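When we follow this note's numbering, the leftmost residue of the sequence shown carries the number 99, and every step to the right adds one.
We put the beta carbon where it would ideally sit given N, CA and C, even for glycine.
Given the structure is predicted, the values throughout are model-derived calculations rather than measurements.
In what follows, a single structure is set out as C-alpha cells and then discussed.
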Amino acid sequence: PDVVGDTLAVATGKITAANLVVGNKSNQSDPNVPAGSVISQNPAAGATANEGDAVDLVISTGPATVPTTVPDVVGDTLAVATGKITAANLVVGNKSNQSDPNVPAGSVISQNPAAGATANEGDAVDLVISTGPSGGDNVIIDGCDTGVSDPGGIQAGIDQCEVDASNHGLFVRCVAIFTKAEGVPQSDRKGIMKCAAHSSIDGGSGSTVPSSIPDNTGAPVASSSGSSQSSVAATRNVTMGGSDTGVGDSDGSIQARVDACVASATSQRKFVKCVGKAAKSLKRSGAISKSEKKALKRAAKRSGFGNS
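Put into C-alpha cells, the structure is as follows:
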C-alpha cells in the first residue's frame, strides 16, 4: 500500500491490512512533512511482496532544528534587547512589567532562557521589563514608560489593544480610543500616545481594528457612536469629526495618525497643526497623494474638535 504522507498509526493499519508488517523505522527531519508522518517507504507503493514481508518506513521529525546561543540582554533597553534576540534568530516572547529600584524604566530585568543557554532558532525569549522604582507603577507600552501612574486598569486596557489590533496603526488607534473613552486626562493621554506611536507593536491576533474597546479590566465593552475618535468600526476612508475625508485607508494606519492627534492636541489650532505634519510625513513616504494631503488638512480645519 501507499503510506507516504500518512501518520505512523494510519500507515501501520494499511500495512497490517495488506497482511504485511512494519519493518525498520528511522527518523529524518523534513520541512515539508509533518512530524510523525511517513516520508518514504521500502518497498515502494505498488510493488509486489509476499504476505508477512516487512515494509520499512522513514518517519518525519519535522523541520530541522538549528541550535543557537541565547544572547545576554539583561540591562538593555527593550529596543536593544529585541535587536540582539532577532540577530540570534530568536523571537521576543512574553513581556511582563515589574518595578525595580536598580534597573531604569524600560530596560530588561531578567530573561528566560538565561543568557548563554542553547535554544533552537525561532524559539522565544521571555522578558521582564522594569517600570522603575516601586511606587512608580506607570503605564508601560513596549518598554516605554509613559510617565502615567496606573491605579490599576489602564495598563490592562492597553494590553488588550495589543491583542485585538492586527497592526501598529490599528494598535495606536485603539489606544487613542480607549484612553478617550476612559476619561484619561489630556496631559496623561499625551504621554501614552507618544509611547504608543513610537512602539514596535505590530498587533496581536486580531484581524482588523477592534469592533469594541476594552474597559479598564481589559474586557471588551461596546464602543460609543458619533465622532470618529470614539468609533472603532473599521472604515475604508479616514474620518474626522464624523465626516468622510475621502482619503482611502485600507489598514487603518492613517486613521491612527489622526486619532493620535486627537489624543495629543489641546486645541483646534494644535489639532490642525498636528494633522498637517502627519499629512506631510505621509505624503513624503508615498502613503498618500498630494490631493489626499490637502483633503486631510481641509478636513482638520473643518472638524471643529476644539479641546479634545
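Pair within 9 Å by beta-carbon distance, Lys371 and Ala363: yes
Using 9 Å as the threshold, is the C-beta distance between Val223 and Gly173 below it? no
Got a sec? Which residues, its chain only, sit under 7 Å from Gln196 by beta carbon, not counting five neighbours each side? Ile207, Val226, Ser228 and Thr229
Per DSSP, Ile157 is paired with what? Asn125 and Val136
For the alpha helix (DSSP H) containing Ile275, list its first residue and its last residue. His266 to Ala279
According to DSSP, is Ser383 part of a helix, a strand, or is it coil? helix
Between the Cα of Gly121 and those of Asp154, Lys112 and Gln139, spot the shortest distance and give me the residue it belongs to. Asp154
Cα separation between Ala274 and Ser365? 16 Å
Could you check the C-alpha separation between Gly160 and Ile239 for me, to the nearest Å? 36 Å
With Thr244 and Cys293 assumed to form a contact (beta carbons below 8 Å), what rounded beta-carbon distance in angstroms separates them? 5 Å
Alpha carbon to alpha carbon, how far is Asp257 from Gln209? Give it in angstroms, no decimals. 20 Å
Among Ala397, Lys399 and Ile299, whose alpha-carbon lies nearest the alpha-carbon of Ser351? Ile299
Using CA atoms only, rank isn't needed, just tell me which of Arg367, Leu118 and Ser138 is closest to Ser127. Ser138
Spatial neighbours of Asp170 within its chain, please: CB distance less than 6 Å, with the 5 preceding and 5 following residues excluded, ordered by chain position. Ala213
Do Ala376 and Val360 come within 9 Å of each other at the CB atom, strictly closer than that value? no
Please name the residue in Ile290, Ala398, Pro99 and Thr175 whose C-alpha comes closest to that of Ala145. Pro99
Short of 6 Å in beta carbon distance, which residues of its chain neighbour Ser194, apart from the five on each side in sequence? Order them along the chain. Val226
Looking at Lys112: is its Cβ nearer than 9 Å to the Cβ of Val119? no
For Gly246, which three-state DSSP category applies? What sits at residue 246 in the sequence shown is Val, not Gly. Three-state DSSP puts Val246 in a strand.
Output needed for Gly241: all residues of its chain with C-beta closer than 6 Å, excluding positions within five of it in sequence on either side, in chain order. Leu176, Gly204 and Ile227
What is the DSSP secondary structure of Val172, reduced to helix, strand or coil? coil
Same chain only: Cβ atoms within 6 Å of Lys391, ignoring 5 sequence neighbours per side: Ala377 and Lys381
Proximity below 9 Å, CB of Thr166 to CB of Leu188: yes
Could you give the residue range of the beta strand (DSSP E) that holds Thr110? Counting along the chain, Thr110 falls outside any beta strand (DSSP E), though it belongs to the alpha helix (DSSP H) covering Leu106 to Ala115.
Give me the Cα-Cα distance between Thr184 and Val178, rounded to the nearest whole angstrom. 10 Å
Can you give me the C-alpha to C-alpha distance between Asn265 and Ala142, rounded to a whole angstrom? 48 Å
Using the beta-carbon count (16 or more within 10 Å), is Thr61 buried or exposed? Residue 61 cannot be examined here, being either before or after the span of the chain that is shown, 99 to 406.
What do you get for Gly384, buried or exposed, if any count of 16 or more other CB atoms within 10 angstroms of its CB means buried? exposed
Of the residues Lys395, Asp221, Val131 and Ala116, the one placed nearest Glu149, counting alpha carbons only: Ala116
Using the rule of at least 16 other Cβ atoms within 10 Å of the residue's Cβ for burial, across every protein chain shown, is Asn236 buried or exposed? buried
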